[in-house]
Amino acid sequence: MSIKTKRILTAAAVAAALCAVLWLMQLLLMPKYMTDIKEGALIREYYDDPEGHDVIFLGDCEVYENISPVTLWREYGISSYIRGSAQQLIWQSYYILEDTYRYETPGTVVYNVQSMIYGTPQSEAYNRMTLDGMPLSRAKISAVRASVTEGESIASYIFPLLRYHSRWSELSAEDVKYMFRKDTVSYGGYLMQTAVRPMESLPAVKPLDDYTLPDISFEYLGKMAALCKEHGSELVLVKSPSLYPHWYDEWDSQIVKYASENGLKYYNFIDRSSETGIDMSTDTYDMGMHLNVYGAEKYSSYLGEILKNECGVPDRRQDAAYADVWNDICARYDEEKQSAASSAPPSDTQGGDSSGGSGGQPALSEHPHDGYYFTAYNTEIGVRCPAHLLEKMRENGGEYRYYESVSCAYQGMDMIYTFDSFEVHVNTVDGADIITGISILDDMVSIPEGLKIGDGRDDMTDCLGTDFEQSGNTYTYEKDGTLISVLIKDGSVRSIEYTF
Amino acid sequence: MLFTSLGFIIFTALLIAVYYAVPIKYRWVILLVFSMIFYAFAGLSGFIFMGTTIITSYIAARLIQKAYDRRDAYLASEQGKALTKDEKKAYRAKCKSRARRVLVPALVINFGILALLKYILAGRILEGLPFLSGAAIVLPMGISFYTFQTMGYIIDVYRAKVSAEKNILKTALFTSYFPLTVQGPISDYRYLTATLYTPEPFSAKNIMSGLERVLWGYFKKLVIADRLAAAVSTVIGSPAQYTGAYALFGMILYAAQLYADFTGGIDITIGLSEMLGVRVQENFNRPYFSKNITEYWRRWHISLGEWFKEYMFYPISVSKPMLKLSKKARSAFGDSVGKRIPVYVSTAAVWLTTGIWHGRGLNFAVWGLLNCVIILISQELMPLYGRFHGRLPGLKRTCGYRAFECVRTVFILSSLRMLDCYRNVPLTFRMFAGIFTEGRYRELVRGGFLELGLTGADFAAALAGVLIVFAVSMMQRKGGIRERLAEKKHGFTLQAILCAIIIVTILIFGAYGEGYDQSRFIYNQF
Chain A
384 MSIKTKRILT AAAVAAALCA VLWLMQLLLM PKYMTDIKEG ALIREYYDDP EGHDVIFLGD
444 CEVYENISPV TLWREYGISS YIRGSAQQLI WQSYYILEDT YRYETPGTVV YNVQSMIYGT
504 PQSEAYNRMT LDGMPLSRAK ISAVRASVTE GESIASYIFP LLRYHSRWSE LSAEDVKYMF
564 RKDTVSYGGY LMQTAVRPME SLPAVKPLDD YTLPDISFEY LGKMAALCKE HGSELVLVKS
624 PSLYPHWYDE WDSQIVKYAS ENGLKYYNFI DRSSETGIDM STDTYDMGMH LNVYGAEKYS
684 SYLGEILKNE CGVPDRRQDA AYADVWNDIC ARYDEEKQSA ASSAPPSDTQ GGDSSGGSGG
744 QPALSEHPHD GYYFTAYNTE IGVRCPAHLL EKMRENGGEY RYYESVSCAY QGMDMIYTFD
804 SFEVHVNTVD GADIITGISI LDDMVSIPEG LKIGDGRDDM TDCLGTDFEQ SGNTYTYEKD
864 GTLISVLIKD GSVRSIEYTF
Chain B
21 MLFTSLGFII FTALLIAVYY AVPIKYRWVI LLVFSMIFYA FAGLSGFIFM GTTIITSYIA
81 ARLIQKAYDR RDAYLASEQG KALTKDEKKA YRAKCKSRAR RVLVPALVIN FGILALLKYI
141 LAGRILEGLP FLSGAAIVLP MGISFYTFQT MGYIIDVYRA KVSAEKNILK TALFTSYFPL
201 TVQGPISDYR YLTATLYTPE PFSAKNIMSG LERVLWGYFK KLVIADRLAA AVSTVIGSPA
261 QYTGAYALFG MILYAAQLYA DFTGGIDITI GLSEMLGVRV QENFNRPYFS KNITEYWRRW
321 HISLGEWFKE YMFYPISVSK PMLKLSKKAR SAFGDSVGKR IPVYVSTAAV WLTTGIWHGR
381 GLNFAVWGLL NCVIILISQE LMPLYGRFHG RLPGLKRTCG YRAFECVRTV FILSSLRMLD
441 CYRNVPLTFR MFAGIFTEGR YRELVRGGFL ELGLTGADFA AALAGVLIVF AVSMMQRKGG
501 IRERLAEKKH GFTLQAILCA IIIVTILIFG AYGEGYDQSR FIYNQF
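Taken in order, these protein sequences are the chains called A and B. Position 417 of the first sequence, counted from 1, bears residue number 800 in the numbering used here, the numbering being contiguous throughout. Position 509 of the second sequence, counted from 1, bears residue number 529 in the numbering used here, the numbering being contiguous throughout.
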């Protein structure tokens, strides 16, 4: 063997060994989503058994937490799968559907329209949870291209090691345990929630500058309809019965119009509680945003009737091949439901007035005075300030209602404190609860610069100056990284919001 | 295009594939094309200035060469041979004067562009110009490096050390060879063009050895420099908050960051060139092992020091005004003091220029002059050191004393670099004084260092990286590691395994991707 051949063989062998090591490292370092943030495991799980579904559900948390395929099977013999993940955007749903068709052709595709409100990629963390689970395919690359936020690289979705390499310092036993195998965390794509946190009040409904749903959402909805048509599937649009975030009538009418113009069925379940039997005092696990398993079963029972009668989805209960698969799923489902019922208190009435998660956080600076701030109850607060300032407000006589829901913008929960005339949003950032937004709700308070709801445009420029950026009817002022956005409609200030 | 970007890796792979696919005599053309593409990624406006440098230096070199060729031809002719010695001398001087009339405008144009862009216009907003109104003037990539390199070339032609290049495209390649435009080294014309225009043929040895060097550079840049960058910028960015021990800590971290960043970038440059069969001069020689600051400057950014020595220090030292000054000083103060004055003046001029080369702020000028003062003081104290070591003859050879000398050098240089960090002279002096007066060492050690934007794991990774670099530097005292590895029985296999290990280490422990800012090389800004 010549030296040249020897060297080529050596280089090839070392390159192969290198690829193997990198592959193993990637398996080790990628998040497993087995015991925490299980939403991240949903998209991948489908590929373990990607066949035999007559209905595919697409959408965000309003599908994977609100619809129980087990109920659909038990009551109607409907074999379905939920292809949803946290804040799954419409283009992601489209490409996931495209990918689904590589494995099977469902007769009915149900798309939950909530995510149509987003016209741009929102969060790298949610992108990851949706896209990392897809195997490499043309659909995946298209989904990545459409989804990447600023600073993200497409290559890191193809080689996730490039994204997750820094997890070397936070590896746990779970990473080793689930390196080569994964547990099944869902039931046909459904993530079971068994807690009960009644809905007592909802955050105030804020007026929007523009109620028009983004063009790109309709573009992808059109592509989804065409894709379904091409494969002979029926596309059905639904709006889940979740009550928060608020689903505006203006949004709904656009969906209604689109559906009627394109011959699609559209069902809005928000106002059908009397028919579905959903009771938000027992059927939600997070105060109205998502349903718990009891609510999901009621909603699914109602939805199944429609799928059976209006969409003609077949009953497969007599088919042994289907029954074997679903019996296993049902058994696991019952086991988790029963074990949760026996171990958890029947109802968690946490929430309500004056209970918030703002204590015990790392000390941040009190009001730093390096941007816009707001004063109420002898307390100054601003975005990026620690949330415990809200307790100071309460001590000074400011009563608030507390509400929390899974955050769509941050990891963790959105914590919303509603005072009489303003609302404060709190999120956990880098381990600390900080104020991420303040909204003025009525004209009973004004901001320190003197502006209040109902004032005119001239008042705005008198108070805040003319150094603003205008986008539609919204005027945004920036100071040391903090923003005040003023919405002016019909000549008067309709909303004032602090963000950063 | 950043050296650390995926785009650059693809660009390089493509270059190597195309480069070795064409016959060796055309490879320089491929290099020129890829250099232009690389430069285009940094902004098309840079071509205006680089183009000016290429054209002016080409014309100047050719005209100078022509003048010398004509002179030589005349002196070799019957007419020339008939001249007396004095007439020949006068004729030569006349020709030299003609050449100078070409050289000076070329230098003025090119250094003028550099000065104008770097010290007067950079950062300003253009107004009132069609198409360009509102655009900010950005310093073209590598302008300090390629201007110095190309001006060195025409000075060498003027000094008749080299012949002028006849092909303008080759002059263009010498000016724009892309690995050098990021942060040097400022290469000598003869050394670089020996292999740039006619590179070494393909060899697995060059590829493997070059790849090792490139990976080593990436290791230093991504595992150490870019990881430490967050903590360094936190400390520097809030001088009021991070005083005392924090400033000292920041200074130490910056010493490690700058070393890993600059030497890492040069490793990539030299390694990549080696893969292409092009030899580039070394720019570092384990500088942190220097016993004193003079030695350090012989071992750090060697090409810049050599440039200033060759094209500034010597010419000033032997210039007519300096010789006059020397004469006057000797007669006024005696030989001992008088002979020093011209040296002091030349040294001060060089260091002031070196400082200004780094940037337009006063801090850079002060940095340069302080270097000069320390070098001159230590030079003056040499007899004292000599007497001290005469009394303790064995001390110099002990490991402890050697280590003390290295630490002392690094401390002095790191202290001076605070001017580069804070970029404000009074603030820098305050922060330096605070190291001794404000304390906070206990606070820093008891967890304060973890609030600088890096986790304990990050510090551990960076420390491990520094220790590896230190260990490699120690091993290099006995010669190059790559060369020694290649000479072993299974050298190629060992080198391939080493490359694989470095790749895995970089990919896992590198500070890149989400959560890290992809940062350019520090010296790229100069």
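Glycine included, each C-beta is placed from N, C-alpha and C at the ideal position.
Residue i - containing alpha helix (DSSP H), residue span
i: Asn391 (chain B); result: Leu382 to Glu400
i: Arg546 (chain A); result: Leu544 to Tyr547
i: Asn303 (chain B); result: No alpha helix (DSSP H) contains Asn303 (chain B), which DSSP labels as neither H nor E.
i: Glu553 (chain A); result: It is not in any alpha helix (DSSP H) - Glu553 (chain A) carries neither H nor E in the DSSP assignment.
i: Arg462 (chain B); result: Tyr461 to Val465
i: Glu392 (chain A); result: Reading off the sequence, residue 392 (chain A) comes out as Leu, not Glu. Unbroken alpha helix (DSSP H) run through Leu392 (chain A): Ile386 to Leu412.
i: Phe478 (chain B); result: For the record, residue 478 (chain B) in the displayed sequence is Asp; it is not Phe. Start and end: Gly476 to Met495.
Run of the beta strand (DSSP E) containing residue i, from where it starts to where it stops
i: Gln853 (chain A); result: Glu852 to Ser854
i: His808 (chain A); result: Phe805 to Val812
i: Met796 (chain A); result: Met796 to Thr801
Rounded straight-line distance, which links the Cα of residue j to that of residue i
i: Tyr603 (chain A); j: Tyr477 (chain A); result: 7 Å
i: Phe563 (chain A); j: Pro433 (chain A); result: 19 Å
i: Ala423 (chain B); j: Glu763 (chain A); result: 55 Å
i: Arg550 (chain A); j: Thr218 (chain B); result: 47 Å
i: Met451 (chain B); j: Pro362 (chain B); result: 34 Å
i: Gly735 (chain A); j: Arg784 (chain A); result: Per-residue confidence for Gly735 (chain A) stands at a pLDDT of 36, beneath the threshold of 50, marking its modelled position as unreliable; the derived number appears in the next sentence. So the alpha carbons of these two residues sit roughly 6 Å apart.
i: Glu535 (chain A); j: Ile30 (chain B); result: 18 Å
i: Ala531 (chain B); j: Leu474 (chain B); result: 11 Å
i: Arg767 (chain A); j: Glu774 (chain A); result: 16 Å
i: Thr772 (chain A); j: Ile879 (chain A); result: Per the sequence shown, residue 772 (chain A) should be read as Leu rather than Thr. Cα to Cα, Leu772 (chain A) sits roughly 20 Å from Ile879 (chain A).
i: Ile391 (chain A); j: Arg427 (chain A); result: 38 Å
i: Met295 (chain B); j: Ile36 (chain B); result: 8 Å
i: Tyr464 (chain A); j: Ile526 (chain B); result: 41 Å
i: Glu658 (chain A); j: His614 (chain A); result: 33 Å
i: Ile653 (chain A); j: Lys622 (chain A); result: 7 Å
i: Gly490 (chain A); j: Asp566 (chain A); result: 28 Å
i: Gly502 (chain A); j: Lys640 (chain A); result: 19 Å
i: Ser616 (chain A); j: Ile517 (chain B); result: 53 Å
i: Pro745 (chain A); j: Tyr547 (chain A); result: Confidence at Pro745 (chain A) is low in this model, with a pLDDT of 32, below 50, so its placement is unreliable and the value that follows should be read with caution. Approximately 27 Å, taken between the alpha carbons.
i: Pro341 (chain B); j: Lys359 (chain B); result: 14 Å
i: His629 (chain A); j: Val588 (chain A); result: 7 Å
i: Tyr274 (chain B); j: Ile256 (chain B); result: 10 Å
Cβ separation of residue i and residue j, assumed to be a contact under 8 Å, to the nearest whole Å
i: Ser625 (chain A); j: Met670 (chain A); result: 11 Å between Cβ atoms; not a contact.
i: Leu620 (chain A); j: Leu647 (chain A); result: 6 Å
i: Lys522 (chain A); j: Glu481 (chain A); result: In the sequence on display, residue 522 (chain A) carries Ala and not Lys. That pair is a contact at about 4 Å.
i: Ala578 (chain A); j: Tyr668 (chain A); result: 4 Å
i: Tyr442 (chain B); j: Pro259 (chain B); result: 6 Å
i: Gly263 (chain B); j: Glu471 (chain B); result: Going by the sequence as given, residue 263 (chain B) is Thr instead of Gly. About 14 Å; that fails the 8 Å criterion.
Chain-ordered chain A contacts of residue i [CB-CB under 8 Å]
i: Gly530 (chain B); result: His548
i: Gly533 (chain B); result: Ser536, Ser539, Leu545, Arg546, His548 and Ser549
i: Leu549 (chain B); result: Since the first residue shown for chain B is 21 and the last is 546, residue 549 (chain B) is missing from the structure and cannot be characterised.
Partner residues on chain A for residue i, Cβ-Cβ distance less than 7 Å
i: Leu475 (chain B); result: The sequence shown places Thr at residue 475 (chain B), not Leu. Residues of chain A passing the Cβ test: Ser552.
i: Ala516 (chain B); result: Thr393, Ala394 and Val397
i: Ser527 (chain B); result: It is worth fixing the name first, because residue 527 (chain B) is Leu in this sequence and not Ser. Those are Leu405, Leu544 and His548, listed as they occur along chain A.
i: Leu26 (chain B); result: Ser536 and Ala538
Under 9 Å from the C-beta of residue i: neighbouring residues of chain A
i: Val524 (chain B); result: Leu401, Val404, Leu405 and Met408
i: Ala520 (chain B); result: Val397, Ala398, Ala400, Leu401 and Val404
Interface residues of chain B facing residue i [CB-CB closer than 8 Å]
i: Arg528 (chain A); result: Going along chain B, no residue has its Cβ under 8 Å from Arg528 (chain A), so there is no contact; the nearest lies around 15 Å.
i: Arg390 (chain A); result: Ala224 and Phe512
i: Glu507 (chain A); result: Glu534
message: Suppose only complete runs of 4+ residues qualify. What are the alpha helix (DSSP H) ranges in the stretch 284–334 of chain B, listed by chain order?
response: 313–319 and 322–328
task: Can you check the stretch 54–111 of chain B for any alpha helix (DSSP H) of at least 4 residues that lies completely inside it and give the ranges in chain order?
output: 66–96 and 98–101
task: With a floor of 4 residues, list each alpha helix (DSSP H) that falls wholly inside the stretch 154–216 of chain B, ordered by position along the chain.
output: 163–178, 188–196, 198–203 and 209–216
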